[in-house]
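Participant: One structure follows; several queries about it will come next.
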Amino acid sequence: MAHDNRNMTIIGGTRGLGRWLAEHLKNEYNITITSRNESSGQEVAQEINVKYNSNNIEAVRNAEIIIFSVPIEHMVKTIEEVAPHAPEGSLLMDVASIKRESSEALEKYAPSNVEIIPTHPMFGPRVPTLKRQIIVLTPIKNRSTKWLPRLKEFLKEKDCEVVITTPHEHDKYMSIVQGLTHFSFISLASTIKKLNIDVKKSKNFSSPVYSLMLDMVSRVVYQNPYLYYSIQKNNKETENARQTLINECIYISNLIKHEDEEDFVKTMVESAKHLNEPEALKRSDEAINMLNSKSNFLKKLVGKEVGLKDHFSNKIHVGIIKNVTSKQVILNSNHNEMDLKIANVDILSQEELFAWKKNNLDLEHYELSVMFPSKCNEKYLIKMFKNIEPVIDVEIIDVYDEKLDDCLTTYTFSYSVFNKKDKGYIEKYIESVGGTIQ
473 MAHDNRNMTI
483 IGGTRGLGRW
493 LAEHLKNEYN
503 ITITSRNESS
513 GQEVAQEINV
523 KYNSNNIEAV
533 RNAEIIIFSV
543 PIEHMVKTIE
553 EVAPHAPEGS
563 LLMDVASIKR
573 ESSEALEKYA
583 PSNVEIIPTH
593 PMFGPRVPTL
603 KRQIIVLTPI
613 KNRSTKWLPR
623 LKEFLKEKDC
633 EVVITTPHEH
643 DKYMSIVQGL
653 THFSFISLAS
663 TIKKLNIDVK
673 KSKNFSSPVY
683 SLMLDMVSRV
693 VYQNPYLYYS
703 IQKNNKETEN
713 ARQTLINECI
723 YISNLIKHED
733 EEDFVKTMVE
743 SAKHLNEPEA
753 LKRSDEAINM
763 LNSKSNFLKK
773 LVGKEVGLKD
783 HFSNKIHVGI
793 IKNVTSKQVI
803 LNSNHNEMDL
813 KIANVDILSQ
823 EELFAWKKNN
833 LDLEHYELSV
843 MFPSKCNEKY
853 LIKMFKNIEP
863 VIDVEIIDVY
873 DEKLDDCLTT
883 YTFSYSVFNK
893 KDKGYIEKYI
903 ESVGGTIQ
């Protein structure tokens, strides 16, 4: 796919994956997004610096690539409305997580002189780039001869992993990868609620496997419940997957109830053989060890300032670490204590923490006049001043040569710090390197 600023229209590009695509492709294509809500559509377009059009038909008039990114339940109707107006030679794509219905709609309503490639990006809008992401393409026979090679080349350049399959096979596997997984986790969360389990208290007894399971369950139930309902309802293959799971739960429960150890063991062994994942123990060990190593690293920072970024909200918490357990870190921030789950945060590097503080905290600004030997090089004086740890920015705003002593020059520095208390430290530092404060 050539990167020559062609026109791309994203139908429904104000939220979720549509917005993500607009933000990440705007430097390579002239992007127009649409939305039924004009005020929010214009607001998002201005925020991410793309065009907005409230009329879907007008929006695709000059588009070479048209991407449908609307809720699953509206996908077919939207394709029916817009696809017939696609310009000759253009490419139509959708990013729905269910492919049979959207593929059939694209094939039915798109003119014969346009091409269609139903697509499923296997990631959500939380990922930072396309790099190493899986993209599933379900091209329709004889409807993508020109665009499929170009799309594959584009994704290859982005270092994506491309999977090509049929809409039917896609939905069959998605009924397990998404449907069965989501259903299992949502059911687990609902069961814990029905049992009236104090989740916080349960963590005092938790094994590493329970902790990982709770993280994955929480990851699902904290996301958009309407989307997850749509995936369950609209992929017809998931009904069979759900019912099979329910039947197996009843069967295995009865094995335990009737003390049938032999068949219980047989079921586990045969399931393990079928999964054929001998590396699973190693991978799960690595995940557990990663949590432990993060905990151990944070323990070494008790009493020091850190920045922690929440995986879910992307909010950054800055403060002094008060205490660290195997699962939690207690942060003292602005005289308030925060209890954060270690598995849910990333530790900012010193550079990232500095950048955050510089952009988010009110700075203290000072001027300082210092007498140095006249032979001092201003460039090196600035470098020396910048290397004082609390200093954020510094510049020389005045230079005065002493009349009584040709060997001395007074330099006036303007500098900024995060804390008022750092002013005294900086003045002592300047004096320790031979400067005389005026």
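Take 473 as the starting number for the sequence shown in my numbering and just add one per residue. Cβ atoms here follow ideal geometry from the backbone N, Cα and C, with glycine treated the same way.
Using the Cα positions of M480 and E777, report the straight-line distance between them to the nearest angstrom.
Facilitator: Using only the alpha carbons, I get a separation of about 45 Å.
Participant: What does a CB cutoff of less than 8 Å around Q704 pick up in its chain, not counting 5 residues either side in sequence?
Facilitator: Only G651, H654, F655, T710 and R714 meet the Cβ criterion.
Participant: Decide if R615 is buried, meaning its Cβ has at least 16 other Cβ atoms within 10 Å, or exposed.
Facilitator: With 16 or more other Cβ atoms within 10 Å, it is buried.
Participant: Pop quiz: K813 and N804 are said to be a contact at Cβ under 8 Å. What is the actual Cβ separation, rounded to whole angstroms?
Facilitator: Not really, about 17 Å apart at Cβ, beyond 8 Å.
Participant: Please say whether T591 and L609 have beta carbons closer to each other than 7 Å?
Facilitator: Result yes, Cβ atoms of L609 and T591 sit closer than 7 Å.
Participant: By how many angstroms is the C-alpha of P543 removed from the C-alpha of E758?
Facilitator: Going from the Cα of E758 to the Cα of P543 covers about 37 Å.
Participant: Tell me which same chain residues have a C-beta within less than 6 Å of the C-beta of P597, skipping the five on either side of it?
Facilitator: For P597, where only same-chain residues beyond five positions count, the Cβ hits under 6 Å are G488, L489 and W492.
Participant: What would DSSP say about Q800, mapped onto helix, strand or coil?
Facilitator: Q800: strand per DSSP, three-state reduction.
Participant: Residues bridged to Y872 by DSSP?
Facilitator: According to DSSP, which records beta bridges pairwise, Y872 is partnered with T882.
Participant: Give the C-beta separation of A494 and I503 to the nearest angstrom, bearing in mind that I take them to be a contact with Cβ-Cβ under 8 Å.
Facilitator: Indeed they touch by this definition, with Cβ atoms about 5 Å apart.
Participant: Indicate the three-state DSSP secondary structure (helix, strand or coil) for T710 in the structure shown.
Facilitator: Reduced to three states, the DSSP call for T710 is helix.
Participant: Taking C-alpha atoms, which residue in N528, E629 and N706 lies nearest to I570?
Facilitator: The option with the nearest alpha carbon to I570 is N706.
Participant: Within 10 Å of its beta-carbon, does P593 have 16 or more other beta-carbons around it, so buried, or fewer, so exposed?
Facilitator: The residue in question, P593, is buried, as its Cβ has 16 or more Cβ neighbours within 10 Å.
Participant: Take every Cβ of the region 509 to 521, pair it with every Cβ of the region 541 to 555, and state whether three or more of those distances are shorter than 8 Å.
Facilitator: Short answer: they don't touch.
Participant: With H, G and I counted as helix, E and B as strand and the rest as coil, what does DSSP make of P621?
Facilitator: P621: helix per DSSP, three-state reduction.
Participant: Who are the near neighbours of S798 in its chain, counting only those whose CB is closer than 6 Å to its CB and skipping five residues on each side?
Facilitator: Cβ neighbours of S798 beyond the five flanking positions: S767.
Participant: At which residues does the beta strand (DSSP E) containing P593 begin and terminate?
Facilitator: Its beta strand (DSSP E) spans residues T591 to P593.
Participant: Between the C-alpha atoms of S888 and K900, what's the straight-line distance to the nearest angstrom?
Facilitator: Rounded to whole angstroms, S888 to K900 spans 16 Å at the Cα level.
Participant: The alpha helix (DSSP H) with E515 in it runs from where to where?
Facilitator: Taken as a continuous stretch (DSSP letters only), the alpha helix (DSSP H) holding E515 covers E510 to I520.
Participant: Output the distance between the C-alpha atoms of F626 and M810, rounded to the nearest integer angstrom.
Facilitator: Going by the C-alpha atoms only, they are around 44 Å apart.
Participant: Tell me, please, whether the region 658 to 674 touches the region 627 to 637 by the rule of three or more beta-carbon pairs shorter than 8 Å.
Facilitator: Result no; under three Cβ-Cβ pairs closer than 8 Å.
Participant: Can you tell me where the alpha helix (DSSP H) with Y581 in it begins and where it stops?
Facilitator: Note, Y581: alpha helix (DSSP H), R572 to Y581.
Participant: For V737 versus L780, is the C-beta spacing smaller than 7 Å?
Facilitator: No, the Cβ-Cβ distance between V737 and L780 is not below 7 Å.
Participant: State yes or no: is the C-beta of I909 within less than 7 Å of the C-beta of V842?
Facilitator: Yes, the pair counts as a contact, with Cβ atoms nearer than the cut-off.
Participant: Would you kindly report the start and end of the unbroken beta strand (DSSP E) that includes Y501?
Facilitator: Where Y501 is concerned, the enclosing beta strand (DSSP E) stretches over Y501 to T506.
Participant: First and last residue of the alpha helix (DSSP H) that includes N832?
Facilitator: Unbroken alpha helix (DSSP H) run through N832: Q822 to N832.
Participant: With a cut-off of 8 Å on the beta carbons, I'd call A815 and D687 a contact; round off their distance for me.
Facilitator: With 8 Å as the limit, A815 and D687 qualify as a contact, their Cβ atoms being about 5 Å apart.
Participant: When burial is assigned at 16 or more other CB atoms within 10 Å of the CB, is S584 buried or exposed?
Facilitator: Exposed, because fewer than 16 other Cβ atoms sit within 10 Å of the Cβ of S584.
Participant: Is I868 near the ligand ZN, in the sense that its beta carbon is under 6 Å from a heavy atom of that ligand?
Facilitator: Looking for the ligand ZN in the displayed structure turns up nothing, as the structure carries no ligands at all.
Participant: Just list the alpha helix (DSSP H) runs in the region 676 to 730, keeping only unbroken ones of 4 residues or longer that don't cross its boundaries, in chain order.
Facilitator: Taking only runs of at least 4 residues, the alpha helix (DSSP H) segments lying wholly in the region 676 to 730 are 680 to 693, 697 to 706 and 709 to 729.
Participant: Hey, could you find the ends of the beta strand (DSSP E) L812 is sitting in?
Facilitator: Counting along the chain, the beta strand (DSSP E) containing L812 begins and ends at N808 to K813.
Participant: Helix, strand or coil: how does DSSP classify T908 here?
Facilitator: Strand at T908.
Participant: Taking only the alpha-carbon atoms, compute the straight-line gap between L753 and N806 and give it to the nearest angstrom.
Facilitator: Going by the C-alpha atoms only, they are around 42 Å apart.
Participant: In chain order, what residues of the same chain lie with their CB nearer than 8 Å to the CB of W828, ignoring the 5 residues before and after it?
Facilitator: G779, I788, V790 and L820.
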